[in-house]
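This report refers to the structure that appears directly beneath it.
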Amino acid sequence: MTIEEYKRQSIKRVNKQAAVSGAFTHCFDTRAQSERKRTSERKRRLKALVRSNITEIDVLAQYFMISVNTIKKVARSAGYHISNGQVVESVMR
């Protein structure tokens with residue numbers, strides 16, 4: 001048995017014991033909560049940047065250090081539209 005195999009087996013054993021004892025009960029709730037917090041923070045910062053006329057998708061993606069597709073998703077969920085690589089205010093607003 002190599003050291004790597006031993007480490008893998010011991011990690012599996014510890015995780016199995018933790019799962020049986022209920023140690024992982026709230027970890028997914030915490031993760032979902034941190035995801036919501038991060039998303040709302042991104043939306044808030046995105047709205048501030050759009051108000052100050054920074055609307056190019058690739059510039060915003062570089063600023064947030066996330067992919068273009070992710071910034072598009074954040075912009076859509078914040079109520080904006082994407083047109084020609086720019087974040088555009090929704091007509092419905």
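Residue numbers (the UniProt record's numbering): 1 to 93. Ideal placement from N, C-alpha and C gives every residue a C-beta, glycine not left out.
CB-CB length for residue i against residue j, believed under 8 Å
i, j, result
"S90", "H81", "6 Å"
"K47", "S77", "With a Cβ gap of about 11 Å, K47 and S77 do not count as contacting."
"Q86", "T55", "5 Å"
Residues near residue i by beta carbon distance below 7 Å, same chain, minus five either side
i, result
"K72", "I57 and I82"
"residue 133", "Within the shown structure, residues of the chain are numbered from 1 to 93, placing residue 133 beyond reach of any answer."
Residue nearest to residue i in terms of C-alpha spacing, selected from the options
i, options, result
"V50", "N69, V74, T30 and A18", "V74"
"E41", "F64, D29, E5 and T30", "F64"
Spatial neighbours of residue i in its chain, beta-carbon cut-off 6 Å, leaving aside the 5 residues before and after
i, result
"L60", "I71"
"V88", "H81"
Boundaries of the beta strand (DSSP E) in which residue i is found, first to last residue
i, result
"I82", "Y80 to S83"
"E56", "No beta strand (DSSP E) contains E56, which DSSP labels as neither H nor E."
Span of the alpha helix (DSSP H), counted from its first residue to its last, around residue i
i, result
"S77", "V68 to S77"
ask   = Are three or more beta carbon pairs between the segment 8–19 and the segment 34–50 nearer than 8 Å?
value = no
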